[in-house]
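Residue numbers (this note's numbering): 57 to 479.
Backbone N, C-alpha and C define an ideal beta-carbon position, used for all residues, glycine too.
Remember, it's a predicted structure, so these values are computed and weren't measured experimentally.
To start, the structure under review is shown below, and the notes come after it.
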RNA sequence: GGAGAGGUGGCCGAGUGGUCGAAGGCGCACGCCUGGAAAGCGUGUAUGCGCCGAAAGCGCAUCAUGGGUUCGAAUCCCAUUCUCUCCGCCA
């Protein structure tokens, strides 16, 4: 949620910046300014009324104590009137506040000035392209066929037991999953992250905190009986640790890593994009989250970008890094780098990580603050990124490393898998 | 799932319906004292919103959360939630 102060200070600037995200904010900003004005006006009236009522109550108390109870009658009458007035003002205030909030959450985060304009993924800026040549033999096949051939992932079995998009990993396929998780976690620890194992379900407050509600309501699995949401990413529990928290001066930066299963309904997805491991309802991911001083957040973003790239290097996967354009960047992000690996048999790029700086957008909604050098409370900046999401990594590993004899495991993973070939 | 006890500032902990944002202690910060430190002494030490752009000041709200009773609620009532104890069930 965008900070009200930023909008009030420079409504035109906000509208201008949001054009880069192809968002027309003009009417919305105007409404917000108006609602804010009404809110302050109402609160002033109510506070004054309450102040008078407080004074009256004290006077009545004194009268009663000194045995002049009869004299309190008139004051009581006035008090009753004030109560009615302040109560109805209170209702108006609450209505105005929630109307203001409803409008505020509709505004996307401001893009960083470096974000290129654009409408779709075509306009993303390719920053790094590490496309070392992959030579596949003539009978090279996509990963879903390899999965069947070597009996390492069973989509049909998953469909029988649960539904489409919930595969079983078997034998060396299961061990490869476990190896990747451990590899990613160990690398993150090495890079100074603290490991968490989060709950896989969160409550409503947490889903709001990171902005998944009300935005992506239909995209999360929801347990109605207990009103809990299955997490689409570990970002939600890990970031919400700091909801309504004021961090001490020395606690920044916070670097957390968590492995979790992720659950996504992916309503509306279909076609060849969702074939095999390309898009699942349940998948595994290692997520990194940082909370840092506002002045450091872009350095931190670069640090995270380099870190994620190093993982792909170690896995010897051809990848590229995209700086997302205004039209493709998410609602909550100021600046996002997408990482894509090349899937040789499908001949297409698959997104495996998205590293974003949210600046104070999440913190503002979550009330995540810290004490700065002057001991004042300020909103911290939050960042996160996948490091990495497993399924598409597995897809690329299988396809790119297939040979006549089997699938070769990259060196960095062999100590984790305990085997160097799937055959 | 059943029964009971409880939730007060960063922490501990007091609080009879009235001047309680809340005693006292610990912690922390600053100052005095000291050659330096400890001890001791003194001062300060919540958050949000509003008056107003900032500071100072003032006002309002906040004692788990949300309602209610009352001129007045940390205190009384109701609901929710979380923690603890016992019983039941259980990896």
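Is the beta carbon of residue 338 sitting closer than 8 Å to the one on residue 316?
-> No. Outside cutoff.
Can you grab the Cα-Cα spacing for the pair residue 169 / residue 353, in whole Å?
-> Between residue 169 and residue 353, the C-alpha separation is close to 14 Å.
Could you give the distance in angstroms between the alpha-carbon of residue 480 and the alpha-carbon of residue 108?
-> A query on residue 480 cannot be resolved here, the shown segment of the chain reaching from 57 to 479 and no further.
What is the DSSP secondary structure of residue 459, reduced to helix, strand or coil?
-> DSSP places residue 459 in coil when its eight states are reduced to three.
Between which two residues does the alpha helix (DSSP H) carrying residue 93 extend?
-> Segment 82 to 121, the alpha helix (DSSP H) holding residue 93.
Residue range of the alpha helix (DSSP H) that includes residue 335 | First-last for residue 335: undefined, no H or E at that position.
To the nearest whole angstrom, what separates the beta carbons of residue 379 and residue 180, a pair I think is in contact under 8 Å?
-> Right, their Cβ atoms sit about 7 Å apart.
Residues near residue 479 by beta carbon distance below 8 Å, same chain, minus five either side = When the five nearest sequence neighbours on each side are left out, the beta carbons in the same chain lying within less than 8 Å of the beta carbon of residue 479 are those of 206, 461, 462 and 463, in order along the chain.
Let me know if residue 394 comes out buried or exposed under the rule of 16 or more other beta-carbons within 10 Å of its beta-carbon.
-> Buried is the call here.
For residue 375, three-class secondary structure by DSSP | Strand, per DSSP.
For residue 5, which residues of its own chain have a beta-carbon under 8 Å away from its beta-carbon, when the five flanking residues on both sides are left out?
-> Lying outside 57 to 479, the shown extent of the chain, residue 5 is not represented and no answer is given.
Can you tell which of 116, 156, 103 and 79 has the C-alpha that lies nearest to the C-alpha of residue 88?
-> The closest CA to that of residue 88, considering only 116, 156, 103 and 79, is found on 156.
Residue 350 versus residue 438 - alpha carbon distance | Computed Cα separation, rounded: 9 Å.
Return helix, strand or coil for residue 184, following the three-state DSSP convention.
-> Correct three-state label for residue 184: strand.
If you check the beta carbons only, do residue 304 and residue 427 fall under 8 Å apart?
-> The Cβ atoms of residue 304 and residue 427 sit closer than 8 Å to each other.
Between residue 258 and residue 285, which are expected to be in contact by the criterion C-beta below 8 Å, what is the C-beta distance as a whole number of angstroms?
-> Contact flag correct, Cβ pair sits at about 5 Å.
Using alpha carbons as the reference points, say which of 432, 300 and 477 lies closest to residue 453.
-> Ranked by Cα distance from residue 453, the first of 432, 300 and 477 is 477.
Tell me whether residue 284 sits in a helix, a strand or coil according to DSSP, three-state version.
-> Strand at residue 284.
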